[in-house]
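Asks: Got a structure for you, written out below as structure tokens; questions coming shortly.
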């Protein structure tokens, strides 16, 4: 199963919106691996089919298949994987975790057992779930897993007072950040960052089979039509609170750009509605790289599932904050986070944090 999980990582940046799945098929005597595979691009073969193809010519009678996610049982863009395993004649299927997709949700396991195949579930379940944390979020909560990335100095600054931020962290941390970008279905920033920094917001520093969707939160449709973020390759989705046919037409003429309207009562983009809409677009993981104002809005709304923070061993003195919210009047109003991992990346530290289980949204 560990090998199957390793294979599943090969689907990062490739198979969205489908989950990342790996499969290893072992001979009946347990001594030989007959086939290996991972999920391909959407509409192409799933992990089980790839492993069966890899095992072509070998007898699979009595074989065991190790799969990191329950084999699908429905006809989507590909036939059911459980049927392929039944037809191949495997005797046992070991599943890391059940599929949360309502179209599957145990039906794949039931179909395998009905065909006389022994099925065991739960081997390395936590690791398998973590690999597809965004897929589980979209299926179970109806919104993507929101990961907010930031690079900060030791005194908590993301930039100098004039906005200069290139580069607070070193080359290794920047490349690592692009690896995290690659695993996301969409990369999001605010119009303020687009205007001030003119970022490309793509995956460049690591190999990738696809560019994630780029998302701009732009209540008044102020994104410049010549902004680098709009240029191909890759699609862009702009969330606005106003209707402006002229501005929208100019933006659409800049590239593969769609405009979505979802305003809240304050005349700004409704962040909750935006996340729900992104889920309907098949976004599992949403990677946010934005300024202090938009970061603060996500904090106040309680929508950040995970913080990816690169901490550089330098002091900037006065400068721009990570997130603007508050002011707080008591320490118990602070945003309570829990460290999940701390790793050294080059000369910097990478912190992975999640909200404490009982943490409430920060006050405005």
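Residue numbers (my numbering): 5 to 368.
Virtual Cβ for every residue (Gly too), placed ideally from N, Cα, C.
By alpha-carbon positions, which one of 134, 334, 218 ends up nearest to residue 344?
Replies: Taking the chain shown and counting its residues from 1, one reaches residue 344 at position 340. Of the listed residues, the one whose Cα sits closest to residue 344 is 134.
Asks: Is residue 76 helix, strand or coil by DSSP?
Replies: Along the chain shown, one-based indexing puts residue 76 at 72. In this structure, residue 76 counts as coil in the three-state DSSP scheme.
Asks: Of the choices 85, 325, 62, whose alpha-carbon is the least far from that of residue 370?
Replies: Residue 370 lies beyond the range of the chain shown here (5 to 368); nothing can be said about it.
Asks: For residue 74 and residue 108, which I take to be in contact (beta-carbon distance under 8 angstroms), what is that distance rounded to the nearest angstrom?
Replies: For this step, residue 74 is matched to residue 70 along the chain shown. For this step, residue 108 is matched to residue 104 along the chain shown. Correct: roughly 6 angstroms between the Cβ atoms.
Asks: Count the other C-beta atoms from every protein chain shown that fall within 10 angstroms of the C-beta of residue 360, then say buried if there are 16 or more, exposed otherwise.
Replies: Counting from one through the chain shown, the residue named residue 360 turns up at place 356. Result: exposed.
Asks: Taking its Cβ as the centre, do 16 or more other Cβ atoms sit within 10 Å of residue 336, making it buried, or is it exposed?
Replies: The count along the chain shown starts at 1 and reaches residue 336 at position 332. Exposed, because fewer than 16 other Cβ atoms sit within 10 Å of the Cβ of residue 336.
Asks: Is it buried or exposed, residue 65, if we count other Cβ atoms within 10 angstroms and call 16 or more buried?
Replies: Residue mapping note: residue 65 aligns to position 61 of the chain shown, counting from 1. Exposed, since its Cβ has fewer than 16 Cβ neighbours within 10 Å.
Asks: Closest Cβ-Cβ distance between residue 310 and chain B: below 9 angstroms?
Replies: Protein chains in the displayed structure number just one, and chain B is not present.
Asks: Name the residue from 338, 325, 352 whose alpha carbon lies nearest to the alpha carbon of residue 167.
Replies: In the chain shown, residue 167 corresponds to position 163, counting from 1. Among 338, 325, 352, the Cα nearest to that of residue 167 is on 325.
Asks: Note down, in chain order, each residue of its chain lying with its Cβ closer than 6 angstroms to the Cβ of residue 182, except the 5 sequence neighbours on either side.
Replies: Along the chain shown, one-based indexing puts residue 182 at 178. 207, 209, 210.
Asks: In the DSSP assignment, what residue or residues form a beta bridge with residue 315?
Replies: Locating residue 315 in the chain shown gives position 311, where the first residue counts as 1. Note: residue 315 sits in a beta bridge opposite 156, 353.
Asks: Rounded to the nearest angstrom, what separates residue 5 and residue 27 at their Cα positions?
Replies: As a position in the chain shown, residue 5 is number 1, starting the count at 1. As a position in the chain shown, residue 27 is number 23, starting the count at 1. Approximately 8 angstroms between the Cα atoms of the pair.
Asks: Give me whichever residues DSSP pairs with residue 324 in a beta bridge.
Replies: As a first step, residue 324 is located in the chain shown; it is residue number 320 there, counting from the start. For residue 324, which the question treats as bridged, DSSP gives the partners 163.
Asks: Drop a sphere of 10 angstroms on the beta-carbon of residue 250, count the other beta-carbons inside from all chains shown, and report buried for 16 or more, exposed for fewer.
Replies: Counting from one through the chain shown, the residue named residue 250 turns up at place 246. So residue 250 counts as exposed.
Asks: If you draw a straight line from the C-alpha of residue 177 to the C-alpha of residue 88, how long is it?
Replies: Taking the chain shown and counting its residues from 1, the one referred to as residue 177 is at position 173. Taking the chain shown and counting its residues from 1, the one referred to as residue 88 is at position 84. Rounded to whole angstroms, residue 177 to residue 88 spans 42 angstroms at the Cα level.
Asks: Would you report the Cα separation of residue 226 and residue 195, rounded to the nearest angstrom?
Replies: As a working note, residue 226 is residue 222 in the chain shown. As a working note, residue 195 is residue 191 in the chain shown. Answer to the nearest angstrom: the Cα atoms are 7 angstroms apart.
Asks: Could you tell me the distance, in whole angstroms, from the CA atom of residue 349 to the CA atom of residue 145?
Replies: For the purposes of this step, residue 349 is taken as residue 345 along the chain shown, with counting starting at 1. For the purposes of this step, residue 145 is taken as residue 141 along the chain shown, with counting starting at 1. Cα-Cα distance, rounded: 32 angstroms.
Asks: Please state whether DSSP places residue 64 in a helix, a strand or coil.
Replies: Locating residue 64 in the chain shown gives position 60, where the first residue counts as 1. Coil at residue 64, not helix or strand.
Asks: Would you identify the three-state DSSP class for residue 261, choosing helix, strand or coil?
Replies: One-based indexing of the chain shown puts residue 261 at position 257. Here residue 261 sits in strand by DSSP.
Asks: Rounded to the nearest angstrom, what separates residue 273 and residue 267 at their Cα positions?
Replies: The count along the chain shown starts at 1 and reaches residue 273 at position 269. The count along the chain shown starts at 1 and reaches residue 267 at position 263. The alpha-carbon atoms of residue 273 and residue 267 are separated by roughly 5 angstroms.
Asks: What are the boundary residues of the beta strand (DSSP E) that residue 124 is part of?
Replies: What you label residue 124 is simply residue 120 of the chain shown in a count that begins at 1. Counting along the chain, the beta strand (DSSP E) containing residue 124 begins and ends at 122-125.
Asks: CB-CB under 6 angstroms to residue 104, same chain, minus the five flanking residues each way: which ones, in chain order?
Replies: For the purposes of this step, residue 104 is taken as the residue at position 100 of the chain shown. Counting only Cβ-Cβ distances below 6 angstroms, and skipping sequence neighbours, we find 140, 143, 144.
Asks: What's the C-alpha gap between residue 130 and residue 31?
Replies: Taking the first residue of the chain shown as 1, we reach residue 130 at position 126. Taking the first residue of the chain shown as 1, we reach residue 31 at position 27. Their Cα atoms are separated by approximately 26 angstroms.
Asks: Of all the beta strand (DSSP E) runs that stay within the bounds of the segment 160-233, which reach a length of 3 or more residues?
Replies: Within the segment 160-233, the complete beta strand (DSSP E) runs of at least 3 residues are 190-194, 217-221.
Asks: For residue 309, which residues of its own chain have a beta-carbon under 6 angstroms away from its beta-carbon, when the five flanking residues on both sides are left out?
Replies: To locate residue 309, count along the chain shown from 1; it is residue 305. Correct list, in chain order: 149, 150.
Asks: In three-state terms, what does DSSP make of residue 84?
Replies: Residue 84 sits at position 80 when you count from the first residue of the chain shown. Correct three-state label for residue 84: coil.
Asks: Could you check where the beta strand (DSSP E) with residue 290 kicks off and where it finishes?
Replies: The count along the chain shown starts at 1 and reaches residue 290 at position 286. Where residue 290 is concerned, the enclosing beta strand (DSSP E) stretches over 289-292.
Asks: Please state if the CB of residue 265 and the CB of residue 244 are separated by a distance shorter than 9 angstroms.
Replies: Working through the chain shown from its first residue, we reach residue 244 at position 240. Working through the chain shown from its first residue, we reach residue 265 at position 261. Yes, they are a contact pair.
Asks: Give me whichever residues DSSP pairs with residue 112 in a beta bridge.
Replies: In the chain shown, the residue the question calls residue 112 occupies position 108. None, per the DSSP bridge assignment.
Asks: Which same chain residues end up closer than 8 angstroms to residue 198 when comparing Cβ atoms and leaving out the 5 residues on each side of it in sequence?
Replies: Position 194 of the chain shown, counted from the start, is the residue given in the question as residue 198. Contacts found: 220, 222, 227, 228, 231, 233.
Asks: Which first and last residues belong to the beta strand (DSSP E) in which residue 14 is found?
Replies: What you label residue 14 is simply residue 10 of the chain shown in a count that begins at 1. Note, residue 14: premise wrong, no beta strand (DSSP E); not H, not E.
Asks: Kindly indicate which three-state DSSP category residue 308 falls into: helix, strand or coil?
Replies: Numbered from its first residue, the chain shown carries residue 308 at position 304. Residue 308: coil per DSSP, three-state reduction.
Asks: Check whether the Cβ atoms of residue 276 and residue 319 lie closer than 9 angstroms to each other.
Replies: As a position in the chain shown, residue 276 is number 272, starting the count at 1. As a position in the chain shown, residue 319 is number 315, starting the count at 1. Cβ atoms of residue 276 and residue 319: not closer than 9 angstroms.
Asks: Give me the DSSP bridge partner(s) of residue 42.
Replies: Residue 42 sits at position 38 when you count from the first residue of the chain shown. Paired residue(s): 26.
Asks: List the endpoints of the continuous alpha helix (DSSP H) containing residue 55.
Replies: If you number the chain shown from 1, residue 55 lands on position 51. Element bounds for residue 55: 51-58.
Asks: To which residues of the same chain is residue 132 closer than 7 angstroms at the C-beta, ignoring the five residues directly before and after it?
Replies: Looking up residue 132 in the chain shown gives position 128. So the list reads 9, 72, 73, 100, 101, once near-sequence residues are dropped.
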